[in-house]
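This report refers to the structure that appears directly beneath it.
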Amino acid sequence: MKTGIEVTAAQRTVLDAARALPTETIALTEALGRVLAEPVMSSRTLPPADCSAMDGYAVRRGDLTGASNTAPVELRVVFEVAAGGQAPRALAPGEAARIFTGAPVPDGADTVVRQEDTEGLDTSVRVHVDPPLRDHIRDAGEDVCAGDEVLAVGAVLQPGHIGMLASLGRTLVAVHRRPRVAVLSGGNELVEPDRDPSGGRIVSSNAYSISAQCIEAGAIPTNLGIARDTPEDLERLLRAGLEADLLVSSAGVSVGDHDHVRPVLEKLGCPLVFWGVNMKPGYPIAFGRFPDGRGPLVFGLPGNPVSAMVTFDQFVRPVLRRMAGHTKVFRPTLRATLAETLMKKPGRLHFVRVGLERRGDEIRATPTGNQSSGVLRSMTLAQGLLVFAADAEEIAAGSLVDVQLLDADWLSREAPA
Ligand code: AMP
Ligand code: MG
112 MKTGIEVTAA
122 QRTVLDAARA
132 LPTETIALTE
142 ALGRVLAEPV
152 MSSRTLPPAD
162 CSAMDGYAVR
172 RGDLTGASNT
182 APVELRVVFE
192 VAAGGQAPRA
202 LAPGEAARIF
212 TGAPVPDGAD
222 TVVRQEDTEG
232 LDTSVRVHVD
242 PPLRDHIRDA
252 GEDVCAGDEV
262 LAVGAVLQPG
272 HIGMLASLGR
282 TLVAVHRRPR
292 VAVLSGGNEL
302 VEPDRDPSGG
312 RIVSSNAYSI
322 SAQCIEAGAI
332 PTNLGIARDT
342 PEDLERLLRA
352 GLEADLLVSS
362 AGVSVGDHDH
372 VRPVLEKLGC
382 PLVFWGVNMK
392 PGYPIAFGRF
402 PDGRGPLVFG
412 LPGNPVSAMV
422 TFDQFVRPVL
432 RRMAGHTKVF
442 RPTLRATLAE
452 TLMKKPGRLH
462 FVRVGLERRG
472 DEIRATPTGN
482 QSSGVLRSMT
492 LAQGLLVFAA
502 DAEEIAAGSL
512 VDVQLLDADW
522 LSREAPA
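Once you know that position 116 of the sequence shown is 227 in my numbering, the rest is easy, because the numbers rise by one and skip nothing.
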């Protein structure tokens, strides 16, 4: 087991252990945000035939040479084609067909004239324009051709993808399975949020923040509850999580007397790969994996609420995203201007919780105040994590810094662009 490793080494180690989960076939209506596990080939051409982009008249362009407001050309209207309809026959010279948006263009016609550029009479139409060839015609196959690979493996399904799949007649879609996560908390002091916390007890908020982080990462959490600080109770709960794809325990991994996670895991056959990452908050994080890929990947997160969340964000979230099939597993980063000078001792990388503010073209990052790992409020005030490098001691106010964006919705605007 390694100890005291760097953040990036720890991230590499955990991602090396993670694989995209097997495929499952789900209803298209459930597929938003899921990652496609097989390429989607089209068995259809869309549109299947040349069709009209406007309400108007299908014509033979050659009939309209020189037509204008002052010299309109009159064509006989011989039939009508609505969306979903079919022309009864081909269009002959001197003829027009009334046509509506989405209707197939009759054989013989090569152009559509907008209704606005015409004057409808009883059985004929006067056309006031000399349109370019194929004006207002959507070409057969301009969207998709039969045999095209329309969506590639790894596509993250957005509303447009869902609509495309529907238009190809696909109501089922093959995606990577969502990871199932067993969440447990350890500590004699812990109580559930609806219980009385007097007498020095502490609400087990971690189970809730971690479950929410799982959902945000595309996983399905199950809360296994609170283990008391005995090896027996911890073993009981850890065993209950062995069917999951990933097991997250908060607390029980520091060097305190009551921390039993490591020996119990080893008893269950899961050796630790590393314990301790050079970061703050969250030094005491442990990662274990069963040999030969049996059993879940196991993360022991620190108990302090901010440490638990930040270590989850840096190590568990990318692993869950990889399992769900994503290739872009890390958070987006922004360049921001630091609002106040930061200082620390060299040695550990600090993740400083910052609030973000847009000022014209500039983004300003302001530390959220007390950075103690017990101050959960800092997570409610932060939109980003500023990366304060391990060997650095000071970042002066006004410097440009890298900030991991925690809340992608922060990019949304109140006013239209
Ligand atoms: P530990 O890692 O067990 O030493 O815990 C460090 C701190 O985190 C202590 O103040 C614990 O009470 C607190 N803590 C541990 N587990 C949780 C939890 N599930 N929810 C909230 N706080 C916790
Ligand atoms: Mg504890």
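Cβ atoms here follow ideal geometry from the backbone N, Cα and C, with glycine treated the same way.
Considering only heavy atoms of the ligand AMP, does any lie closer than 6 Å to the CB of residue i?
i	result
residue 303	no
residue 413	yes
residue 523	no
residue 362	yes
residue 416	yes
residue 317	yes
residue 313	yes
If you drop the 5 nearest sequence neighbours on each side, which residues of the same chain put their C-beta closer than 8 Å to that of residue i?
i	result
residue 413	361, 362, 364, 365, 392, 393, 394, 395, 396, 419, 422, 484
residue 248	161, 162, 163, 164, 216, 221, 222, 223
residue 179	239, 240, 241
residue 460	117, 118, 389, 390, 391, 498, 499, 500, 501
residue 311	300
Please list, in chain order, all residues of the same chain as residue i whose beta carbon is under 6 Å from its beta carbon, the five residues on each side excluded.
i	result
residue 443	516
residue 507	452
residue 293	333, 335, 352, 355, 358
residue 135	288
residue 304	314
residue 296	315, 317, 318, 337, 361
Relative to the C-alpha of residue i, which residue among the options is closest?
i	options	result
residue 235	349, 191, 401, 315	191
residue 246	228, 154, 259	228
residue 424	194, 411, 441	441
residue 494	522, 472, 509	522
residue 316	514, 472, 302	302
residue 462	342, 174, 481	481
residue 325	415, 434, 387	434
residue 148	312, 377, 125, 130	130
residue 133	265, 122, 207	265
residue 458	169, 268, 263, 504	504
residue 260	438, 496, 153	153
residue 258	309, 278, 155, 511	155
Suppose the cutoff is 7 Å on Cβ atoms and the five residues either side in sequence are ignored; what does the same chain contact list for residue i look like?
i	result
residue 276	139, 151, 284
residue 200	none
residue 273	139, 142, 143
residue 368	Low per-residue confidence applies at residue 368: pLDDT is 48, beneath 50, and the placement is therefore not dependable, though the value from the model is reported in the following sentence. Excluding sequence neighbours, residue 368 sits near nothing in its chain.
residue 212	163, 164, 165, 166, 194
residue 214	162, 163, 192, 193, 194, 196
residue 205	174, 186, 187
For residue i, which three-state DSSP category applies?
i	result
residue 516	strand
residue 447	strand
residue 260	strand
residue 368	Interpretation of residue 368 is limited by its pLDDT of 48, a score under 50 that renders its predicted location unreliable; no figure is taken from the coordinates.
residue 434	helix
residue 244	coil
residue 394	coil
residue 374	helix
residue 416	helix
residue 404	helix
residue 249	strand
residue 478	strand
residue 469	strand
residue 293	strand
residue 522	helix
residue 440	coil
residue 486	coil
residue 353	coil
residue 379	coil
residue 428	helix
Taking 6 Å as the cut-off, does the CB of residue i come closer than this to any heavy atom belonging to the ligand MG?
i	result
residue 298	yes
Under 7 Å between C-beta atoms, does residue i make it to chain B?
i	result
residue 208	Here there is only one protein chain, and chain B is not present.
| Can you list the beta strand (DSSP E) stretches of 3 or more residues lying completely in the region 171-232, in chain order? | 184-192, 206-210, 222-225, 229-231
| field | beta strand (DSSP E) runs contained entirely in the region 267-291, provided each spans 3 or more residues | value | 283-287
| said: Could you tell me which whole alpha helix (DSSP H) segments of length 4 or greater appear in the region 295-347? | reply: 317-327
| query | Can you list the beta strand (DSSP E) stretches of 3 or more residues lying completely in the region 112-177, in chain order? | reply | 113-116, 134-138, 167-170
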